[in-house]
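**Student:**
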Amino acid sequence: MQKTKLGISASLIAAGIYFLGAINFLPAFILAGYVLLFEGDSWLKKAAVKMTMVVIIFGILSVMVGMMQDVFSILNLTFGAIINKTIRVPLNIDGILLEVISILRSGLLLIMGVKATVLGSVEIKFIDNSIDRNM
């Protein structure tokens with residue numbers, strides 16, 4: 002079992018990165034930054050980058066869903082004077098989608114953390130290909 006410079010196994014640090022990513026992004030990014038700057042284990046570095054990419058991708062999806070209400074607000078401003086009604090996102094679908102995205106992100110990071118405890122990895126092709134291409 003490989004040890005890090007902190008004296009903790011690489012699998013425990015990787016699991017911690019994933020679990021922190023599911024709980025709070027700031028400490029997860031700080032720990033990932035530490036791994037990328039000071040640790041030499043390539044598997045651990047890939048785990049840190051993978052967590053960061055998963056969090057960013059789900060963040061982008063959340064922003065895109067959040068823009069749905071902005072589109073309806075623009076329609077209200079444009080056509081509000083013509084028709085005397087306000088247009089809203091039907092059935093609060095944007096709120097439901099945001100909750101689904103949050104559940105999927107947290108679930109995926111928890112699964113990745115459990116796999117990391119045994120030096121495993123969840124295979125996500127486009128993220129793995131991007132990491133291999135750029136690291």
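Quick note: the sequence shown uses the numbering used here, first residue 2, plus one each step.
Cβ atoms here follow ideal geometry from the backbone N, Cα and C, with glycine treated the same way.
1) Per DSSP, Lys4 is paired with what?
2) Where does Leu120 sit, in a helix, a strand or coil, going by DSSP?
3) Please specify which runs of the alpha helix (DSSP H), each continuous and at least 4 residues long, are wholly inside the region 57-134, giving them in chain order.
4) Write down the C-beta distance between Leu37 and Lys46 rounded to the nearest angstrom, noting that I regard them as a contact closer than 8 Å.
5) Expressed to the nearest angstrom, what Euclidean distance is found between the alpha-carbon atoms of Thr87 and Val101?
6) Let's test the definition: count the other Cβ atoms within 10 Å of the Cβ of Ile61 and tell me whether it reaches 16, buried, or not, exposed.
7) Based on Cα-Cα distance, which residue from Gly114, Val64, Gly108 lies nearest to Leu98?
8) Could you please give the first and the last residue of the uninterrupted alpha helix (DSSP H) stretch that includes Gly34?
9) Please check the pair Ser107 and Lys116, which I expect to be a contact at CB under 8 Å, by giving their CB distance rounded to whole angstroms.
**Tutor:** Let's see:
1) Per DSSP, Ser10.
2) It is coil, neither helix nor strand.
3) Note on the region 57-134: whole alpha helix (DSSP H) runs with a minimum of 4 residues are 94-117, in chain order.
4) That belief holds up - the Cβ atoms of Leu37 and Lys46 are roughly 6 Å apart, short of 8 Å.
5) Here the alpha carbon of Thr87 sits roughly 26 Å from the alpha carbon of Val101.
6) Flag for Ile61 reads exposed.
7) Of the listed residues, the one whose Cα sits closest to Leu98 is Val64.
8) It spans 26-39 - the alpha helix (DSSP H) in which Gly34 sits, taken as one unbroken run.
9) Contact check for Ser107 and Lys116: beta-carbon distance about 15 Å, past the 8 Å limit, so the pair fails to qualify.
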